[in-house]
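Everything below concerns the one structure shown next.
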Amino acid sequence: MSLDYPENMHEFEDKFAIEKARHPETTREGLMKQVIEDAFQGYLDEAEEGHYDTGKLVGKEIEVYGLKKELLKKINPIGDSFEADFQADGNKLMWYLEDQADRVAREFS
6 MSLDYPENMH EFEDKFAIEK ARHPETTREG LMKQVIEDAF QGYLDEAEEG HYDTGKLVGK
66 EIEVYGLKKE LLKKINPIGD SFEADFQADG NKLMWYLEDQ ADRVAREFS
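Encoded structure:
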């Protein structure tokens, strides 16, 4: 288990408990968004061998921006939303995020 990138709801609940104890204002929704963004960004940085592009969860899509802050790509969730995808099968979502990050790196590097 990696508390930086929980891969299932059990790990997410563990991370939420820790974050809530440290920062009482933490919400499940906010932490879920952060976990998804951080996981995608970690995979993207690894695929690009550095931090060149940035992924942000905006609504139901991850928007990927280049160094000049130009929109490069929009990534759709597997199902209705990235949050629902994580709740249904966190491991599957992590594999999907990694694959999408690799595609961005190949397309824009």
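Numbering (my numbering), first residue to last: 6 to 114. Where a beta carbon is used, it is the ideal one built from N, C-alpha and C, also for glycine.
Shortest alpha-carbon distance to residue i belongs to which of the options?
| i | options | result |
| --- | --- | --- |
| residue 47 | 95, 84, 9 and 91 | 9 |
| residue 34 | 27, 91 and 102 | 91 |
| residue 84 | 98, 72 and 74 | 98 |
| residue 13 | 96, 111, 109 and 113 | 96 |
| residue 64 | 55, 111 and 87 | 87 |
| residue 68 | 28, 101 and 45 | 45 |
| residue 103 | 21, 43 and 72 | 43 |
| residue 66 | 25, 29, 21 and 105 | 105 |
Kindly list the residues whose CB is nearer than 8 Å to the CB of residue i, restricted to its own chain and excluding five residues on each side of it in sequence; keep chain order.
| i | result |
| --- | --- |
| residue 107 | 48 and 52 |
| residue 72 | 57 and 58 |
For residue i, which residues of its own chain have a beta-carbon under 6 Å away from its beta-carbon, when the five flanking residues on both sides are left out?
| i | result |
| --- | --- |
| residue 18 | none |
Mark residue i as exposed unless 16 or more other C-beta atoms lie within 10 angstroms of its C-beta, in which case mark it buried.
| i | result |
| --- | --- |
| residue 6 | The predicted model places residue 6 with a pLDDT of 40, which falls under 50 and marks its position as unreliable, so this point remains unresolved. |
| residue 30 | exposed |
| residue 41 | buried |
| residue 24 | buried |
query = Are three or more beta carbon pairs between the segment 27-44 and the segment 84-98 nearer than 8 Å?
reply = yes
inquiry  = When you compare the segment 53-67 with the segment 77-85, are there three or more beta-carbon pairs, one atom per stretch, that lie closer than 8 Å?
reply    = yes
inquiry  = In chain order, what are the residue ranges of uninterrupted beta strand (DSSP E) at least 3 long that sit wholly in the segment 54-80?
reply    = 59-63, 66-70 and 76-80
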